[in-house]
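Let me begin by presenting the structure, written as structure tokens, before commenting on it.
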Amino acid sequence: MSQLSIRDVSKIFPGHKRDTPPTQALLPVRLEVADNDFITVLGPSGCGKSTLLRLVAGLETPTTGEIRLDGTRIVGAGADRGVVFQSYTLFPWLNVRQNICFGLREKGMKLSQQREISDRFIAQVGLRGFEDHFPKQLSGGMQQRVAIARALANDPKILLLDEPFGALDNQTRVLMQELLLGIWEQAQKTVMFITHDIDEAIFMASRVVVFSARPGRIKAEVAVDFPHPRHYTIKTSPEFMALKARLTEEIRVEAIAADH
Amino acid sequence: MKLLVPVRRENRIVLGVAFFIAFVALWFLVTWSGAVPKHFLASPWQTLASGWDLFATQNFGHDVGMTIWRVVGGFLLAAVIAVPLGIAMGVYKPIEAFFEPFVSFARYLPASAFIPLLILWVGIGEAQKLTVIFIGCFFQLTLMITMIVSGTRRDLVEAAYTLGCKDTGVIRRVVLPGAAPDIAEALRQVLGLGWTYIIVAELIGASSGIGHMITDSQALMATDHIIAGIVVIGLVGLLSDLLFKKVNQQLFSWSLLR
Numbered sequence: 001m002s003q004l005s006i007r008d009v010s011k012i013f014p015g016h017k018r019d020t021p022p023t024q025a026l027l028p029v030r031l032e033v034a035d036n037d038f039i040t041v042l043g044p045s046g047c048g049k050s051t052l053l054r055l056v057a058g059l060e061t062p063t064t065g066e067i068r069l070d071g072t073r074i075v076g077a078g079a080d081r082g083v084v085f086q087s088y089t090l091f092p093w094l095n096v097r098q099n100i101c102f103g104l105r106e107k108g109m110k111l112s113q114q115r116e117i118s119d120r121f122i123a124q125v126g127l128r129g130f131e132d133h134f135p136k137q138l139s140g141g142m143q144q145r146v147a148i149a150r151a152l153a154n155d156p157k158i159l160l161l162d163e164p165f166g167a168l169d170n171q172t173r174v175l176m177q178e179l180l181l182g183i184w185e186q187a188q189k190t191v192m193f194i195t196h197d198i199d200e201a202i203f204m205a206s207r208v209v210v211f212s213a214r215p216g217r218i219k220a221e222v223a224v225d226f227p228h229p230r231h232y233t234i235k236t237s238p239e240f241m242a243l244k245a246r247l248t249e250e251i252r253v254e255a256i257a258a259d260h
Numbered sequence: 261m262k263l264l265v266p267v268r269r270e271n272r273i274v275l276g277v278a279f280f281i282a283f284v285a286l287w288f289l290v291t292w293s294g295a296v297p298k299h300f301l302a303s304p305w306q307t308l309a310s311g312w313d314l315f316a317t318q319n320f321g322h323d324v325g326m327t328i329w330r331v332v333g334g335f336l337l338a339a340v341i342a343v344p345l346g347i348a349m350g351v352y353k354p355i356e357a358f359f360e361p362f363v364s365f366a367r368y369l370p371a372s373a374f375i376p377l378l379i380l381w382v383g384i385g386e387a388q389k390l391t392v393i394f395i396g397c398f399f400q401l402t403l404m405i406t407m408i409v410s411g412t413r414r415d416l417v418e419a420a421y422t423l424g425c426k427d428t429g430v431i432r433r434v435v436l437p438g439a440a441p442d443i444a445e446a447l448r449q450v451l452g453l454g455w456t457y458i459i460v461a462e463l464i465g466a467s468s469g470i471g472h473m474i475t476d477s478q479a480l481m482a483t484d485h486i487i488a489g490i491v492v493i494g495l496v497g498l499l500s501d502l503l504f505k506k507v508n509q510q511l512f513s514w515s516l517l518r
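So this is what it looks like as structure tokens:
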């Protein structure tokens, strides 16, 4: 069981200089994520959705409230919450396999076992034959696939993704969405995925959480009931379109608010 | 010539060698034509001949060896302390706040100005030479390494934490490998700095070394020996620099990928 419970968590960043006022990035947020759930958090740029993910990852400390994973209060980062960042964060001095084994080595796992696990995830993200390549020799999409494999190899309780496909071109992004969804359908993992892309949010999620403009708060939660395994063709179905129209309206209001 | 467009390898070598030739040609011209008197500036040929004579009959090889050992010895002493201190200052900001102002101040103290004091304190032996090099290299190196380590990519550090690393793991597995190529490059540059200090250290109170030979030659107005000595320093410096660069490229090939 990997249940995430976010209880009245807010975040205020202090001002950088003495005279600048503190920034309220997140108003108190309450969110429950069930075991093996795939939720996407959708919101306009700068709405605090990434802050929420960083709080769950333990990279920031909440100003108020608390976050529990399986009943245990989160203090600091840990291997039980895997993160895939928007920027490319592979270690440039390690090759693909060494990057994927980074967390396993930290655990002190035997080499043969590291190899077995990394083999499995290299195959799963379609990078067989690239084990010895360094990050700079890979395309952006390949780097993010390694980053996903690196996070999953650690077998975290929950996978946190912060706009991981944001920097990729459209075609690659769609393929990556299918890849990630395919992995989730097989592996069953609790996933929290941050995005500002409405199609992406609907296509992968079992629930879309819509954020308001800054200061961020949860504006709406929308269940997505398409059956699994999902095929990309559902994006053209009337149900998908209707859901997209509804979310577009929700987001549009917030984008306008954020702009003023 | 187009802006920022790299030169082909063979062209680069040709251009680099061409200037050396032009330089020596000009040198030859001003001495051969008599524009500069012989006792002020020896000709290239005469310099080469006396350089040969220095090595062949005056045991100059021993001087060169002594100078190299002093530079490398003082440099290594500085590096052994500066590298760990710089890393500690880079990752732990209170340590940086404690040492940085003093180190920044000490960096501007001219190492050569300490020579009279050092002679008083440690005499005119090897300790004095090593200390001059140490002072000249240590503060500079500490600050450079602090800056390099401070520049560690935050996103990589965060990624390591989410993969289960604790502080020591982050230092060992992210900060150090990430900073290593730049630290090696800083070491290479500071070793070059050591070469500029050693001659000054050897000008006073030395009985061997390239600097000592230069002081002796000055008394005899032997400009050919002085120039030969300077050229040898340049060559040894260049050689050590190339060697250092090669080793760095071998060790950190990942950082050269584009």
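Top line first, the protein sequences correspond to chains X and G.
Residue 159 in our numbering sits at position 159 of the first sequence, and the numbers go up by one each step.
Residue 506 in our numbering sits at position 246 of the second sequence, and the numbers go up by one each step.
The beta carbon of each residue, even a glycine, is placed where N, CA and C say it ideally should be.
Reduced DSSP category for residue i - H, G, I as helix; E, B as strand; rest coil
| i | result |
| --- | --- |
| X:Lys-11 | strand |
| X:Gln-24 | strand |
| G:Gly-424 | coil |
| X:Lys-199 | Here residue 199 of chain X turns out to be Asp, not Lys, going by the sequence shown. Three-state DSSP puts X:Asp-199 in a helix. |
| G:Ile-474 | helix |
| X:Arg-128 | coil |
| X:Met-192 | strand |
| X:Gly-166 | coil |
| X:Ile-158 | strand |
| X:Ile-39 | strand |
| G:Val-265 | coil |
| G:Asp-518 | Note that residue 518 of chain G corresponds to Arg in the displayed sequence, not to Asp. Residue state, collapsed to three classes: coil. |
| G:Met-404 | helix |
| G:Ile-464 | coil |
| G:Ile-384 | coil |
| X:Gln-143 | helix |
Which residues DSSP lists as bridging residue i, in chain order
| i | result |
| --- | --- |
| X:Ser-5 | X:Glu-32 and X:Arg-68 |
| X:Glu-221 | X:Val-209 |
| X:Met-204 | Note: X:Met-204 sits in no beta bridge, so no partner. |
| G:Phe-576 | Since the first and last residues shown for chain G are 261 and 518, residue 576 of chain G lies out of range. |
| G:Thr-391 | None; G:Thr-391 has no bridge partner. |
| G:Val-507 | For G:Val-507, which the question treats as bridged, DSSP gives no partner whatsoever. |
| X:Gly-216 | X:Leu-26 |
| X:Met-73 | Going by the sequence as given, residue 73 of chain X is Arg instead of Met. The partner list for X:Arg-73 (beta bridge, DSSP) reads X:Arg-68. |
| X:Arg-81 | X:Ile-158 |
Selected residue, minimal CA-CA separation from residue i, among the options
| i | options | result |
| --- | --- | --- |
| X:Lys-219 | X:Arg-30, X:Thr-20 and X:Phe-121 | X:Arg-30 |
| G:Phe-358 | G:Met-349, G:Ala-366 and G:Phe-365 | G:Met-349 |
| X:Ile-234 | X:Pro-44, X:Asp-199, X:Gly-108 and X:Ala-25 | X:Asp-199 |
| G:Ser-410 | G:Ile-464, G:Gln-388, G:Thr-475 and G:Ile-431 | G:Ile-431 |
| X:Glu-250 | X:Lys-189, X:Ala-153, X:Ile-6 and X:Leu-42 | X:Leu-42 |
| X:Gln-98 | X:Leu-111, X:Gln-86, X:Ser-87 and X:Tyr-88 | X:Leu-111 |
| G:Pro-441 | G:Gln-510, G:Val-492, G:Phe-399 and G:Leu-423 | G:Gln-510 |
| X:Pro-44 | X:Ala-223, X:Ser-87 and X:Thr-195 | X:Thr-195 |
| G:Ile-487 | G:Arg-269, G:Leu-503 and G:Phe-300 | G:Phe-300 |
| G:Pro-370 | G:Pro-344, G:Ile-395 and G:Ala-302 | G:Ile-395 |
| X:Arg-68 | X:Leu-104, X:Ile-6, X:Pro-21 and X:Asp-19 | X:Ile-6 |
| X:His-228 | X:Phe-211, X:Ala-205, X:Pro-14 and X:Pro-238 | X:Ala-205 |
| X:Lys-11 | X:Val-125, X:Leu-27, X:Thr-20 and X:Arg-128 | X:Leu-27 |
| X:Leu-4 | X:Met-109, X:Pro-156, X:Leu-90 and X:Phe-13 | X:Pro-156 |
| G:Thr-391 | G:Met-404, G:Arg-413, G:Val-265 and G:Leu-377 | G:Leu-377 |
| G:Ile-341 | G:Met-481, G:Phe-399, G:Val-435 and G:Ala-419 | G:Phe-399 |
| X:Gly-121 | X:Arg-150, X:Phe-134, X:His-133 and X:Gly-129 | In the sequence on display, residue 121 of chain X carries Phe and not Gly. Checked all of X:Arg-150, X:Phe-134, X:His-133 and X:Gly-129; the closest Cα to X:Phe-121 is X:Arg-150. |
| X:Gly-82 | X:Leu-179, X:Trp-93, X:Pro-21 and X:Ile-100 | X:Ile-100 |
| X:Gln-188 | X:Pro-14, X:Ile-39, X:Gly-15 and X:Thr-20 | X:Ile-39 |
| X:Pro-92 | G:Phe-283, G:Met-481, G:Ile-384 and G:Ala-420 | G:Ala-420 |
| X:Arg-128 | X:Arg-145, X:Gln-114, X:Gly-140 and X:Gln-113 | X:Arg-145 |
Expected contact under 8 Å - CB spacing of residue i and residue j to nearest Å
| i | j | result |
| --- | --- | --- |
| G:Leu-517 | X:Lys-136 | 4 Å |
| G:Glu-462 | G:Thr-406 | About 31 Å; that fails the 8 Å criterion. |
| G:Leu-423 | X:Asn-95 | So it is not a contact: roughly 16 Å between Cβ atoms. |
| G:Asp-415 | X:Thr-51 | About 16 Å; that fails the 8 Å criterion. |
| G:Ala-466 | G:Asn-508 | With 8 Å as the limit, G:Ala-466 and G:Asn-508 do not qualify as a contact, their Cβ atoms being about 32 Å apart. |
| G:Val-460 | G:Ile-375 | 7 Å |
| X:Val-84 | X:Met-192 | X:Val-84 to X:Met-192, Cβ: 11 Å. No contact. |
| G:Ile-490 | G:Val-331 | Not quite, the Cβ-Cβ distance comes to about 15 Å (not below 8 Å), so this is no contact. |
| G:Ala-339 | G:Leu-453 | In fact, because the Cβ distance is near 12 Å, the residues do not count as touching under 8 Å. |
Neighbour flag for residue i against chain B, beta carbons, 8 Å
| i | result |
| --- | --- |
| G:Gly-429 | Any reference to chain B falls outside this structure, whose protein chains are X and G. |
Proximity test, residue i beta-carbon vs the ligand MN heavy atom, cut-off 7 Å
| i | result |
| --- | --- |
| G:Leu-377 | Ligands displayed in this structure: none; no statement on the ligand MN is therefore possible. |
Can you list, in chain order, the residues of the region 127-146 of chain X whose Cβ is nearer than 9 Å to any Cβ on chain G? Phe-134, Pro-135, Lys-136 and Gln-137
Contact set between the region 56-89 of chain X and chain G, restricted to residues whose Cβ is under 7 Å from the partner: Ala-57, Leu-59, Ala-77, Gly-78, Ala-79, Arg-81, Gly-82, Val-83, Phe-85, Ser-87 and Thr-89
Chain G contacts made by the region 155-181 of chain X, where a contact means CB separation under 9 Å: Pro-156 and Leu-160
Near-chain X residues of the region 409-426 of chain G (beta-carbon distance less than 7 Å), N- to C-terminal order: Asp-415, Leu-416, Glu-418, Ala-419, Tyr-421, Thr-422, Leu-423, Gly-424 and Cys-425
With 9 Å as the limit, tell me which residues of the region 432-452 of chain G have their beta carbon closer than that to any beta carbon of chain X; keep them in chain order. Arg-433, Val-434, Pro-437, Gly-438, Ala-440 and Pro-441
Counting only Cβ-Cβ distances shorter than 7 Å, please list the residues of the region 86-117 of chain X near chain G, keeping chain order. Ser-87, Thr-89, Phe-91, Pro-92, Trp-93, Phe-102, Gly-103, Glu-106 and Lys-107
Against chain X, which members of the region 311-323 of chain G pass a CB distance test of less than 9 Å? none
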